[in-house]
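Structure first, commentary second.
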């Protein structure tokens, strides 16, 4: 970063919004991966015009730009792996601009925190369903850029299902709008659709218009205990095809159950092969009861040893405790967690879990699994000792085979974490040369000088 | 079309699948616009490999390719306005390939007729919601290419909300897959998302994987009669913000009501300013009753003169009769119908309808309106005498002002018909030069030689 660049950014934004000191470089070098890359500077744009001027300058001068949310990503999407300036939105561009009660729409800036939006709309009787595990700190801009999912995806879908319109700045500084505050809009190419999940490689999102829905009045939680993973996985997809769509249908395998029990002593069934935790919701208690009856029937038909319905919110929180705490608890199995968010069609879950077991045995690694089975998304955690070089190597070999198995079963490398840096080496397992060439052409159409978060997602 | 091209296509596909005679050119020269353009040939690919070989050849030899569904489009998307070969899928690539009961997914070829799919899945207790008015003959390939909507969009969304994955052939003949049979998939750019609604300009879709849902067990219909359009439009968006999401909330204005009554004598309230017809559905009769109670309350609060709930399917069909037949009936107002599918945020409907009335008076034209107000989509029909040159001219001037008003209200030129040829002259009203330049860059990234349905959507 030469002095001319530093002067430009400082003049444009003021000293309080453009930082090139070591402390800021360290503060913005991380995300939820173990990787660290210091950027050359950290910029806090005050508005869309700042973003436009920054991008125009960077495009003309070959400065790399890394748009960044909360830095909570699991795949390095926000890391400045090739230097450049980080654009951070948490200081100025972090507001809820509007909640439109007439059209059930919210308009937010990219730095708005997911939970702040959820809280604001729920006070008004409305509901913004996407709830990534990072919801307390991750930003809507980051959620859109990675197309974040969450627990409630089984019924309510993911971030992309709620984005109605975007404003964005292109690499050359052009400000564009995409989409409308309408359910239907078929004029022009679906630019919003391709900006979502593009991990900051195609444009910088500056405003997001989101669909809201009415908040369901009632919610209930149930838990099923299964002898085997296989039984549980069969119960998942059979519940859905029986016509019930639970809000969430979450899963813990035996390793995850044991880890939670060991740490928290909650009286979990440590001999069970798996547990499933399901939430149902709606505006009529009767419809919830009907749903729970069907779930119980399907669970029993698929070998459930036990089935519990929470009587109140406290009991519900208790049932959810195991799921919410297993990510932490399973660190007992290894000091390095290689966690992947592979996703398969729900009916392939039994085969996928078999395959993971087989591959883990082959490479001598321990792989607790849990996650969002209601939408086919399994958090697969290969746990290794980070000091044991050979085990780490075997861990990565296992991961590669798990990816291969996932793709063979019609699944995807990533259900919700994105590709970023971490999964870039595996893109060839899922995409043909022709498909990768198309991605490269699209990247070039948006960003011919390759300044926007370059070399992510396996792009060259 | 020179003899070399004709020989290539004939050798590749056989004489039965490659036609260059006048009869075929005439048979494939039309769509639902009044425009006619004869293609240079009509090809019936037998499979994806045929499509790939055709496109590779056309790309290398500068032959234009027009993918075509049923030719039921309203904006000329399937017209060979610049010559070239039409790719028609109704002969071979028209099948339902799979209905996957475990994952609630259907896989179809592009030439599959929408209603054939609906019927097939409903027999199995499942439901494919997108129901464009052309559903009896339009194809899923066409529906995806135009991102078709329909009556049920207010609750169930539109075609894009059901497309999970596509296979497609790019201009250079490359065969690609995009998306997965999973709810979550965030690996790579959202290619399926940009192919949807791209009107055959970016690739030729060869296989479509669609999400299905469980068929709701109950449905009920209600009708509200309003003194004024304004009252009715207020009732629409207030119903939604009261937490009810009707399957459909359809609207007829006074001109439409009178036209239907004059033709069919059904006892409709010819003095009413507007009627609203609403369907609600669900798996519990109690929930439908609750929804109808709220709708009735909102309608009454907004000046409804009358509110009727259909007792059975026959009464429901009666209430729907007016809506289903108004497109035909309003031809009494003029021999040429300039019909547009503008869409605004629901809360802007009262203002939009006011504006349409004002503009119609200014230009001395009659403009009956009806349509899918539940999602903000109004079918606006400027009716003129096609022999009266001056009136036709005034009609088009009115259309342009209506488009301007729509965009000013935050709406879109097209809710479901697409841009094609007909709306291309108006793209500048809705999109900036920067946005049009981005569209052109994307087109070039997919189709550098501009062979795929060129010069549609306002592209140069």
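Chains as they are written, first to last, in this note's numbering: chain Y, 1 to 460; chain H, 1001 to 1460. Note that CB positions come from ideal geometry on N, CA and C, so glycine has one too.
- DSSP lists 1087/H as the beta-bridge partner residues of residue 1067/H.
- Residues of chain H whose Cβ lies closer than 8 Å to the Cβ of residue 237/Y are, in chain order, 1102 and 1103.
- Within 9 Å of the CB of residue 1275/H, no CB atom of chain Y is found; the nearest one sits about 22 Å away.
- With respect to residue 144/Y, residue 212/Y sits apart: the two C-beta atoms are not nearer than 7 Å.
- Interface criterion met: the Cβ of residue 1184/H is under 7 Å from a Cβ in chain Y.
- Inter-residue distance for residue 1052/H and residue 304/Y is about 49 Å (C-alpha atoms, whole angstroms).
- Taking one beta carbon from each stretch, the segment 283-293 of chain Y and the segment 211-228 of chain Y have 3 or more pairs nearer than 8 Å; the two touch.
- DSSP places residue 427/Y in the helix class (H, G or I) of the three-state scheme.
- Distance check between residue 163/Y and each of 86/Y, 214/Y and 178/Y places 178/Y closest, using alpha-carbon atoms only.
- Annotated as proximal: residue 146/Y and residue 418/Y, with beta-carbon spacing under 7 Å.
- When secondary structure is reduced to three states using DSSP, residue 247/Y falls in the coil class, being assigned neither helix nor strand.
- Taken in chain order, the complete alpha helix (DSSP H) segments of 4 residues or longer contained in the segment 321-386 of chain Y are 349-363.
- Straight through space, the alpha carbons of residue 1438/H and residue 1208/H are spaced by roughly 27 Å.
- Residue 1230/H carries a helical assignment under DSSP once its states are collapsed to helix, strand and coil.
- Per DSSP, the unbroken alpha helix (DSSP H) holding residue 1298/H starts and ends at 1285-1301.
- Nearest in C-alpha terms to residue 1322/H, of all of 1352/H, 1287/H and 1260/H, is 1260/H.
- Contact annotation, residue 1082/H with residue 1054/H: C-beta distance approximately 17 Å; criterion of less than 8 Å not satisfied.
- Along the segment 1195-1220 of chain H, going in chain order, the ones with a CB nearer than 7 Å to a CB of chain Y are 1196, 1197, 1198 and 1214.
- By the Cβ-count criterion, residue 2/Y is exposed, with fewer than 16 other Cβ atoms from all chains shown falling within 10 Å of its own Cβ.
- In the structure shown, residue 264/Y falls within a helical segment according to DSSP collapsed to helix, strand and coil.
- For residue 290/Y, the chain H residues whose Cβ falls inside 9 Å of its Cβ are 1283 and 1284, in order along the chain.
- Under the 7 Å criterion on CB atoms, residue 1047/H is classed as non-interfacial with respect to chain Y.
- About 46 Å separates the beta carbon of residue 1333/H from that of residue 442/Y, a gap too long to meet the 8 Å contact definition.
- Non-local C-beta neighbours of residue 270/Y in its own chain, meaning closer than 7 Å and more than five positions away in sequence, comprise 257, 258 and 261, ordered along the chain.
- With fewer than 16 other beta carbons inside 10 angstroms of its own, residue 1390/H counts as exposed.
- Shown here for residue 218/Y: same chain residues with a beta carbon closer than 8 Å to its own, the five before and five after excluded, namely 281, 282, 283, 284, 285 and 288 in chain order.
- Close CB contacts of residue 1038/H within its chain, under the 6 Å cut and outside five residues either way in sequence, are with 1025 and 1029 (chain order).
- Taking C-alpha positions only, residue 1014/H is separated from residue 1196/H by approximately 31 Å.
- Taking the beta carbon of residue 1435/H as reference, the chain Y residues within 9 Å of it are 174, 176, 177, 178, 188 and 191, listed in sequence order.
- Looking at 297/Y, 301/Y and 231/Y, the one whose alpha-carbon comes closest to that of residue 274/Y is 231/Y.
- Look at residue 1231/H: its C-beta is not under 7 Å from any C-beta on chain Y.
- Residue 1193/H carries a helical assignment under DSSP once its states are collapsed to helix, strand and coil.
- Taking every protein chain shown into account, the CB of residue 1448/H has fewer than 16 other CB atoms within 10 angstroms, so this residue is exposed.
- An exposed status is given to residue 1007/H, since fewer than 16 other beta-carbon atoms sit within 10 Å of its beta-carbon.
- Contact annotation for residue 1170/H against chain Y: 434 and 438 [CB-CB distance below 8 Å, chain order].
- Taking residue 1386/H as the centre and dropping the five residues before and after it, the same chain places the C-beta of 1335, 1336 and 1392 closer than 7 Å to its C-beta, in chain order.
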